[in-house]
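Below: one structure, written as structure tokens.
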Amino acid sequence: NDVKAALHQAIGTMTDGCRTIFLMSREESLSYKEIADVLGISVKTVENQMGKALKHLRENLKEFILLYLFFINI
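This note's numbering numbers the first residue of the sequence shown as 71 and each following residue consecutively.
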């Protein structure tokens, strides 16, 4: 539950563009091309925004990632 809450909080603090593209990719399972077509932007923009979204998640969830890595090595 803590991880889920932290994930939702991290997604909520993304910029609108990053959040929209990330959710379209993950929740709607759209390809980068499909997202670009729906939003009327280039595939490269989608790639850049996804990179920013994933970096944002890594930075905001690093404590959970470290815990996970610790426990899988036990």
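C-beta: ideal position from N, C-alpha, C; glycine also.
Since this is a predicted model, take the numbers as computed values, not measurements.
Buried or exposed: residue 116, going by 16 or more other Cβ atoms within 10 Å of its Cβ? buried
Limits of the alpha helix (DSSP H) - the one that residue 87 falls within: 86 to 96
Cβ shell of residue 77 (< 8 Å), same chain only, five flanking positions each side left out: 127 and 131
Could you check the C-alpha separation between residue 133 and residue 81 for me, to the nearest Å? 16 Å
Note down, in chain order, each residue of its chain lying with its Cβ closer than 6 Å to the Cβ of residue 122, except the 5 sequence neighbours on either side. 88
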